[in-house]
Amino acid sequence: MASADPDRIGLALAPRLVELPAPADSLALEVEAFGPPARDQGLLFEAHGAARRARLGEAVRQARQAAGPEAAMRVLDVDPDSRVPERRSVLAPFPTEHIE
1 MASADPDRIG LALAPRLVEL PAPADSLALE VEAFGPPARD QGLLFEAHGA ARRARLGEAV
61 RQARQAAGPE AAMRVLDVDP DSRVPERRSV LAPFPTEHIE
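Here it is in structure tokens:
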């Protein structure tokens, strides 16, 4: 899922631009497909969980592609009653196999 946000586009392009052997003289952008018109966009809180999970899976995939495999983590409760805060929760990789 693409975006028109300049910051996200820059984040996606920066690693590729660094790999160029010399400074770029020009930069071209090719559009492969357009998103849905504004009236067909999904709701903020959609009733259909499958579409939301698909968007979440795509977001996790893009985050991992841009920042590495540990870019998307989730917090798991391990021992919520522990008096030591560090033992209450742990970070674990976000499971993409259950999302897609």
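Residue numbers for the sequence shown follow our numbering, beginning at 1 and rising by one.
Every residue, glycine too, gets a C-beta built ideally from N, C-alpha and C.
Buried or exposed for Met1, please, with buried defined as at least 16 other CB atoms from any protein chain shown within 10 angstroms of its CB. Reliability of the predicted coordinates at Met1 is poor, the pLDDT of 46 falling under 50, and the value obtained from them is presented with this limitation in mind. Under this definition Met1 is an exposed residue.
With DSSP collapsed to three states, give me the class of Ala50. In the three-state scheme derived from DSSP, where H, G and I count as helix and E and B as strand, Ala50 is classed as helix.
Unbroken alpha helix (DSSP H) run spanning Pro6, endpoints: Pro6 to Val18
So, Ala66 versus Leu11, is the Cβ gap smaller than 8 Å? yes
Val84 classed as buried or exposed, judged by whether at least 16 other C-beta atoms fall within 10 angstroms: exposed
Pair within 8 Å by beta-carbon distance, Val78 and Leu91: no
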